[in-house]
Structure formats: structure tokens, C-alpha cells
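Engineer: Just so you know, we're using the numbering used here here: the sequence shown kicks off at 315 and counts up by one.
Built from N, CA and C at the ideal position, the CB exists for glycine as well.
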Amino acid sequence: MDYPSRTAKRMALHLLVVEGNTRADREPYVATFGKTASQSYAATLNGLAPDAECEICFPADPDGALPDGAGLEAFDGVFITGSALNVYDGGPAIERQIALVRAIFASRTPLFGSCWGLQVASVAAGGVVVKNPRGREIGVARDIRPNAAGRAHPLLAGRPAGFDALCSHIDHVQTAPEGATLLAGNAMSEVQAMEFSFSGGTFWGVQYHPEYSLIEVASILARRAPALAREAMFADEAAARAYAADLVEVERDPSHIKLAARWELGADVLEPSRRQTELRNFLARLARPFAAQHGRG
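1) Is the segment 463–482 in contact with the segment 437–449, if contact means three or more CB pairs nearer than 8 Å?
2) Which of helix, strand or coil does DSSP assign to residue 603?
3) In chain order, what are the residue ranges of uninterrupted alpha helix (DSSP H) at least 4 long that sit wholly in the segment 459–516?
4) Under the three-state reduction of DSSP, which class applies to residue 324: helix, strand or coil?
5) Can you tell me where the beta strand (DSSP E) with residue 425 in it begins and where it stops?
6) Could you name the residues of the same chain whose beta carbon sits closer than 6 Å to that of residue 395, not counting the 5 residues immediately before and after it, in chain order?
7) If I'm right that residue 597 touches residue 326 with Cβ under 8 Å, what's the distance once you round it to whole angstroms?
8) Output the distance between the C-alpha atoms of residue 346 and residue 551, rounded to the nearest integer angstrom.
9) Could you give the residue range of the beta strand (DSSP E) that holds residue 440?
10) Establish whether the CB of residue 608 and some CB of chain B are separated by less than 7 Å.
11) Output needed for residue 452: all residues of its chain with C-beta closer than 6 Å, excluding positions within five of it in sequence on either side, in chain order.
12) Within this structure, are the beta carbons of residue 583 and residue 574 separated by less than 7 Å?
13) Just list the alpha helix (DSSP H) runs in the segment 364–388, keeping only unbroken ones of 4 residues or longer that don't cross its boundaries, in chain order.
14) Do you know offhand how far residue 358's Cα is from residue 525's?
15) Are the segment 397–411 and the segment 364–378 touching, with three or more C-beta to C-beta distances below 8 Å?
16) At which residues does the beta strand (DSSP E) containing residue 612 begin and terminate?
17) Helix, strand or coil for residue 457 per DSSP?
18) Terminal residues of the continuous beta strand (DSSP E) containing residue 393?
19) Report the three-state DSSP secondary structure of residue 545 (helix, strand or coil).
20) Select from 449, 496 and 416 the residue whose C-alpha is nearest the C-alpha of residue 465.
21) Using a 10 Å radius around the Cβ and a threshold of 16 neighbouring Cβ atoms, would you call residue 447 buried or exposed?
22) Just checking my contact of residue 554 with residue 535 at CB under 8 Å: how many whole Å lie between their CB atoms?
23) Let me confirm a value: residue 344 is counted as buried when at least 16 other C-beta atoms fall within 10 Å, else exposed. Which label applies?
24) Would DSSP call residue 331 helix, strand or coil?
25) In the DSSP assignment, the alpha helix (DSSP H) including residue 402 goes from what residue to what residue?
26) Can you tell me whether residue 566 is buried or exposed, with buried defined as 16 or more other CB within 10 angstroms of its CB?
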């Protein structure tokens with residue numbers, strides 16, 4: 315697939331952030347982090363594209379106001395957040411999201427998914443998502459390696475031969491949609507980055523979270539400390555919360571070199587410009603050219 319040049323004319327963007335969580339799951343997120351996943355995602359996007367206007371929708375809610383087909387065509391890019399849901403559980407909250415994703419594909423608006431976003435988009439296009447038999451991957455996804463296709467793909471432009479990324483997931487894509495191009499994987503999942511097309515639309519997605527800060531990851535760790543202790547990912551709840559507290563400290567004061575070294579936190583996750591690589595590439599290579607093609611700005 316050919317992609318427009320990086321020199322495509324910059325224009326104002328109209329972006330949609332799709333919240334993957336139900337209202338019940340958003341409430342503890344706000345209680346521990348101060349904002350919803352979608353509000354945080356929109357803030358990250360505005361940091362990368364100050365000219366962008368970001369809207370948020372809540373398809374998991376039965377009363378969530380969703381854009382129709384014409385409304386979707388007015389956006390230059392759509393982003394799907396993470397979620398506490400498991401797509402294989404089914405039910406209305408998930409079915410509404412799958413239907414919205416299929417409508418986004420049909421609108422041909424470029425689509426990006428983080429974690430749950432990768433999973434729900436894959437299922438909408440015919441893929442299969444399962445609970446990862448290798449277990450949970452949370453905090454930092456280690457040694458993600460682009461394959462030959464990934465090294466040549468604009469989604470991962472600027473990423474080295476191996477890199478770490480912030481993450482939180484227990485499910486993964488077992489079977490990719492027909493025609494998908496796998497771009498990167500690691501020891502926990504063969505599908506850490508992927509591109510595919512469906513119903514005329516293009517999707518780029520990752521199993522990790524390029525939109526996260528260490529503080530957002532820390533809030534998830536603290537909130538899930540009991541479960542993480544039961545799964546033996548940490549010795550006990552206190553250990554999980556101590557790790558979370560250290561992540562917050564490092565984010566607030568990057569000069570804590572010894573603290574970062576204790577947890578093997580490198581520049582890939584410490585520097586926002588590096589951990590947000592995929593979002594920046596999507597905005598530059600798909601969203602802005604899409605806006606230009608439609609005469610918006």
C-alpha cells in the first residue's frame with residue numbers, strides 16, 4: 315500500500331476518540347487517575363497535534379450518542395482506547411463497539427487502535443481474540459521486534475530493531491483478519507503491531523499503549539494490585555503499589571536515574587516523543603493527508 319509523503323500539507327484535524335470502557339469501568343479510572351481513558355488519549359493527541367479538535371464518544375453505553383455514517387466521514391482520524399472488557403464475552407456493550415468499528419471502516423476514515431482498539435477492530439474484520447495463554451502483560455512490554463514488513467512500514471518509522479512500550483492487557487489477537495500485515499511481536503504475543511484493510515477502510519494498531527504516560531500505567535497497576543498479587547505478578551499488593559509509586563516518581567522527575575534503572579525503564583518509555591511514535595506517524599501519514607484530500611482545515 316502506498317502512503318502519502320511526510321511533506322503533505324498540514325491542516326487542522328478533526329479527530330474522534332472512541333472510549334472502550336463502560337460507564338461502570340470509567341468511574342474507577344477517573345477516581346484513581348483523574349480522567350477517563352478517552353480524555354487522556356485526546357490530551358495526548360492534542361499534544362502531538364495542537365491544531366486538532368478531538369471529540370469523544372462512548373459506544374459501550376446504551377445511551378452513548380454515536381456519529382452516523384455521514385458524521386464519521388467528517389473525521390480525519392479515529393482512535394480507539396483500551397478497555398477493561400474482553401471482546402470474546404460478547405454482550406451489548408461489545409456488540410455496539412463492533413458495529414461502530416464496522417461503520418468507521420465503511421466510512422473509510424483512517425482508524426487507529428491501542429490494545430482493546432486492536433482487538434475489537436480485529437474481531438470486527440473477522441479476526442479472533444482470546445485470553446493470552448502466556449498470561450498478562452502489564453507495565454512495560456519488553457523487546458518488541460518489528461519484522462521485515464514492520465521495518466519498512468510507516469507506522470513504526472523511527473522505532474529501533476527492538477523496543478519497549480507501556481502496556482496493560484491479558485488478551486491478544488490469536489487470528490489476524492484476512493489480508494492483515496503483521497508488523498511486530500515479542501515473546502508475549504506475535505501480534506504487537508498490525509495493519510489491515512476492511513470494507514474500504516484502513517486500520518493501524520498496536521497491542522501496547524503509545525498514548526499512555528507512566529502515571530496512567532501506575533494508576534492501572536494500583537487499581538489492579540489485588541488481581542496482580544493473585545496472579546503472582548507481584549509478591550503481594552504492596553509490591554504492586556510500590557512499583558506504581560516508583561513509576562509516578564520517575565514520570566514526575568526524570569532525573570531519578572537509579573529508580574529508572576531499578577525497573578529497567580529506558581528512553582523508549584521515559585521519553586514522550588519516543589513512546590508516542592506510532593500516534594505521531596499515524597497523524598502524519600494517514601490523518602493529515604486524509605484531511606488534505608477532503609479539503610479540510
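Structural biologist: With the structure as the only source:
1) Touching, no, given that fewer than three Cβ pairs across the two stretches are closer than 8 Å.
2) Correct three-state label for residue 603: helix.
3) Segments of the alpha helix (DSSP H) lying fully in the segment 459–516: 462–466.
4) For residue 324, the predicted structure reports a pLDDT of 46, less than 50, and the residue's modelled location is therefore unreliable. A value from the coordinates is still provided. Reduced to three states, the DSSP call for residue 324 is coil.
5) Bounds of the beta strand (DSSP E) holding residue 425 are 425–428.
6) Take residue 395, set aside five residues on each side of it, and the residues of its chain with a beta-carbon closer than 6 Å to its own are 333, 334, 351, 352 and 355, in chain order.
7) That belief does not hold up - the Cβ atoms of residue 597 and residue 326 are roughly 12 Å apart, past 8 Å.
8) Roughly 16 Å separates the two Cα atoms.
9) For residue 440, there is no enclosing beta strand (DSSP E), as DSSP marks it with neither H nor E.
10) You won't find chain B in this structure, because it holds only one protein chain.
11) 482, listed in sequence order.
12) With contacts defined by Cβ atoms closer than 7 Å, residue 583 and residue 574 do not form a contacting pair.
13) With a minimum length of 4 residues, the continuous alpha helix (DSSP H) runs that stay inside the segment 364–388 are 383–386.
14) So the alpha carbons of these two residues sit roughly 6 Å apart.
15) Short answer: they touch.
16) In the structure displayed, the chain extends from 315 to 611; residue 612 sits before or after that span and is not available.
17) Strand at residue 457.
18) Where residue 393 is concerned, the enclosing beta strand (DSSP E) stretches over 391–394.
19) Secondary structure at residue 545: coil, using DSSP grouped into helix, strand and coil.
20) For residue 465, the closest C-alpha among the options 449, 496 and 416 is that of 496.
21) Counting Cβ neighbours within 10 Å, residue 447 comes out exposed, since fewer than 16 surround it.
22) Right, the Cβ-Cβ distance comes to about 6 Å (below 8 Å), so this counts as a contact.
23) With fewer than 16 Cβ atoms within 10 Å of its Cβ, residue 344 is classed as exposed.
24) Of the three classes helix, strand and coil, the one that applies to residue 331 here is strand, per DSSP.
25) Residue 402 -> no alpha helix (DSSP H), and no H or E assigned at all.
26) Flag for residue 566 reads exposed.
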